[in-house]
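Below is one structure, written out as structure tokens; comments come after it.
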């Protein structure tokens, strides 16, 4: 199993920082642990998800490809999943 991801230095240095989510890829699909009420407005999650996608595209592009093209491909996957979900979320909040 890969070692845990590092906490970003800015988050480590900010004593008020809060982890808002984790995502695991398993044989049975994706599993998440979330802090669903980290923001009072759910639209903030949209901003966070977009920022996450942009960071991911930039990281992927470092091994080849253009970040904009990678980001567009991520959005294609997002749109396809919205149009035709491959599964339904299960579980609940333990917050």
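Residue numbers (my numbering): 1209 to 1303. In this text, a Cβ means the ideal position worked out from N, Cα and C, and glycines have one as well. In this text, all values refer to a predicted model and were calculated from it rather than measured experimentally.
Boundaries of the beta strand (DSSP E) harbouring residue 1240: 1237-1242, taken from the DSSP string. Remark: three or more beta-carbon pairs, one from each stretch, lie closer than 8 Å, so the region 1281-1290 and the region 1259-1270 are flagged as touching. Judged by DSSP in its simplified three-state form, residue 1230 adopts strand. Nearest to residue 1227 by alpha-carbon distance, out of 1233, 1215 and 1234, is 1215.
Distance from residue 1275 to residue 1265 at the Cβ level is roughly 5 Å; contact confirmed, criterion being Cβ atoms closer than 8 Å.
Across the structure, residue 1277 and residue 1267 are spaced so that their CA atoms are roughly 12 Å apart.
When the Cα atoms are used, residue 1269 and residue 1282 turn out to be separated by approximately 12 Å.
CA-to-CA, the gap between residue 1253 and residue 1246 works out to about 9 Å.
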